[in-house]
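K.L.:
Chains as they are written, first to last, in our numbering: chain A, 1 to 116; chain B, 117 to 365. Virtual Cβ for every residue (Gly too), placed ideally from N, Cα, C. Please read all numbers here as calculations on a predicted model, not as lab measurements.
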C-alpha cells in the first residue's frame with residue numbers, strides 16, 4: 001500500500017463517508033463485525049484495507065452511534081453484533097439528506113464544467 | 117502449506133499489529149488485536165480452508181498492520197467534520213497519526229516498539245550521562261561533550277516535547293557546561309590522563325579545596341535527574357494525548 005493512496009482526494013472523502021455506510025448497513029438489522037467488513041469490502045472502491053474498518057466500528061461505539069452485544073454463533077466463538085442506536089439513526093438520516101444535496105451540487109458543477 | 121506455516125503467518129501478522137499499536141491505550145490495543153484475530157478466524161471459517169494461499173489472501177485483504185493502526189489513530193485524531201488543530205497535527209506525526217505526508221514515517225516498522233518515546237528516552241539518558249561525566253570530570257571532557265551534544269540534538273528533534281519542555285531540558289546541560297568552564301578555569305587546565313586518576317584528582321580538588329563547587333555540581337545533577345523524570349512523563353503524556361483527544365472531541 002503506497003502512502004500516497006491514503007491521501008488521495010477520494011480517500012479523504014471516504015474518511016468521512018465510510019462510517020455512514022456502516023450505519024446504513026445497520027439500518028434494518030444488526031450485523032457482526034466480519035459480516036459488516038466483508039459487505040463493505042465487496043463493494044468495489046470503498047475499502048482497500050479491511051482491517052481499517054475495526055477502528056471505525058470502535059469509534060462509532062464510543063460515540064454512541066451503535067451498541068454492541070455478544071451472541072453465540074453456530075460455528076466458532078461468540079460474535080460481537082453491532083446495532084444502530086437512536087443517535088446513530090438520526091446521524092444517518094441527517095447524512096443521507098446532506099449527502100444527496102452534496103452529490104447533486106458537485107455533480108452540477110462537474111458536469112457543467114465538462115459541457116463548456 | 118501445513119498448519120504450522122499458516123499459524124506462524126497469522127501470529128507474525130498479529131505481532132506486527134501489536135508492535136505498531138503501541139501508541140494506543142493498552143485496552144484499545146488489546147481490543148484491536150483481538151478483533152483482527154477474530155476476523156482472521158471468521159475469514160478462515162468462511163473460506164472453508166486453512167491453506168497458505170487462503171491465509172495470505174486474508175491477511176492481504178486486511179491490509180498492512182501499520183495502516184490499521186493509522187486508521188485507529190486517525191479516527192481518534194480527526195473525527196469526521198472536526199478539523200484537526202495545527203498543534204495536534206504536528207504532535208500526531210511523531211506518534212503515528214497521520215492524515216498528512218509526514219505521517220508515513222510515524223507508524224513504527226515491524227518489530228520495533230515505541231520508537232517515538234525511544235528518541236526521548238535516548239535524549240534523556242545521553243543528557244544525564246553527559247551531566248554526570250562533565251560534573252565528575254570523568255573520562256575527560258570529550259565524552260561528556262559528545263554525550264551532551266548528542267542528547268541536545270535528540271531533545272530538539274523530538275516532536276513530542278513542546279518548546280518549553282525543550283528549554284527546560286536544555287537548562288541542566290547548560291548549567292553543567294557553565295560549571296565546567298567556570299570551575300575548571302578557576303582551578304587548573306583539564307588534563308588527559310587515566311580516568312581513575314583524573315576522577316580522584318577532580319574529586320579531591322572539588323571536595324577539599326573548593327567545597328562550594330562540589331555542592332553546586334551536586335545541585336546541577338539533582339536538577340538534571342528531576343528534569344529527566346519530568347520530561348519523560350511529559351513525553352508519555354503527549355503520546356497518550358493523541359489517544360485522549362479522540363474521546364474529548
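Put residue 59/A into one of helix, strand or coil per three-state DSSP.
P.N.:
Within the first chain, numbered from 1, the residue matching residue 59/A stands at position 59. Of the three classes helix, strand and coil, the one that applies to residue 59/A here is helix, per DSSP.
K.L.:
Report the partner residues of residue 83/A according to the DSSP bridge assignment.
P.N.:
Translated into positions along the first chain, residue 83/A becomes position 83. Answer by DSSP bridge pairing, in chain order: 67/A.
K.L.:
With a threshold of 8 Å between beta-carbons, can residue 243/B be considered close to chain A, or not?
P.N.:
Taking the second chain and counting its residues from 1, the one referred to as residue 243/B is at position 127. No, residue 243/B does not count as interfacial toward chain A.
K.L.:
List the whole-angstrom C-beta distance separating residue 352/B from residue 233/B, where the pair is believed to meet the contact cut-off of C-beta under 8 Å.
P.N.:
Taking the second chain and counting its residues from 1, the one referred to as residue 352/B is at position 236. Taking the second chain and counting its residues from 1, the one referred to as residue 233/B is at position 117. Indeed, because the Cβ distance is near 7 Å, the residues count as touching under 8 Å.
K.L.:
Among residues of its own chain, excluding the 5 on either side of residue 4/A, which ones have a beta-carbon nearer than 7 Å to its beta-carbon?
P.N.:
Here residue 4/A refers to the residue found at position 4 of the first chain. Reliability of the predicted coordinates at residue 4/A is poor, the pLDDT of 44 falling under 50, and the value obtained from them is presented with this limitation in mind. Apart from sequence neighbours up to five positions away, no residue of its chain approaches residue 4/A with a beta-carbon distance below 7 Å.
K.L.:
Under 8 Å Cβ to Cβ from residue 78/A, same chain only, skipping five residues before and after it: list those, please.
P.N.:
The residue labelled residue 78/A in the question sits at position 78 within the first chain. For residue 78/A, where only same-chain residues beyond five positions count, the Cβ hits under 8 Å are 70, 71, 72.
K.L.:
Just checking my contact of residue 276/B with residue 236/B at CB under 8 Å: how many whole Å lie between their CB atoms?
P.N.:
Residue 276/B sits at position 160 when you count from the first residue of the second chain. Residue 236/B sits at position 120 when you count from the first residue of the second chain. With 8 Å as the limit, residue 276/B and residue 236/B qualify as a contact, their Cβ atoms being about 6 Å apart.
K.L.:
Name the two residues that bound the continuous alpha helix (DSSP H) containing residue 167/B.
P.N.:
The residue labelled residue 167/B in the question sits at position 51 within the second chain. Where residue 167/B is concerned, there is no enclosing alpha helix (DSSP H), given that its DSSP letter is neither H nor E.
K.L.:
Under the three-state reduction of DSSP, which class applies to residue 27/A: helix, strand or coil?
P.N.:
Here residue 27/A refers to the residue found at position 27 when the first chain is read from its first residue. Residue 27/A: coil per DSSP, three-state reduction.
K.L.:
Using only CA atoms, which one of 190/B, 188/B, 154/B lies nearest to residue 174/B?
P.N.:
Reading the second chain from its first residue, position 58 is the one you call residue 174/B. Residue 154/B is the option with its Cα nearest to residue 174/B.
K.L.:
From 87/A, 99/A, 109/A, pick the residue whose C-alpha is nearest to that of residue 18/A; which is it?
P.N.:
Here the question's residue 18/A lines up with position 18 in the first chain. Ranking 87/A, 99/A, 109/A by Cα distance to residue 18/A puts 99/A first.
K.L.:
Taking the alpha helix (DSSP H) that residue 33/A falls in, what are its first and last residues?
P.N.:
Here the question's residue 33/A lines up with position 33 in the first chain. Residues 33-42.
K.L.:
Roughly how many whole angstroms lie between the Cα atoms of residue 145/B and residue 121/B?
P.N.:
Residue mapping note: residue 145/B aligns to position 29 of the second chain, counting from 1. Residue mapping note: residue 121/B aligns to position 5 of the second chain, counting from 1. Cα to Cα, the separation comes out at about 25 Å.
K.L.:
Any C-beta of chain B within less than 7 Å: which residues of the region 23-56 of chain A qualify?
P.N.:
33, 34, 37, 41, 48, 49, 50, 51, 52, 54, 55, 56
K.L.:
Does residue 179/B have its Cβ less than 8 Å from a Cβ in chain A?
P.N.:
On the second chain, position 63 is the one that residue 179/B refers to. Closer than 8 Å: yes.
K.L.:
Can you give me the C-alpha to C-alpha distance between residue 159/B and residue 178/B, rounded to a whole angstrom?
P.N.:
Counting from one through the second chain, the residue named residue 159/B turns up at place 43. Counting from one through the second chain, the residue named residue 178/B turns up at place 62. Rounded to the nearest angstrom, the two C-alpha atoms are 10 Å apart.
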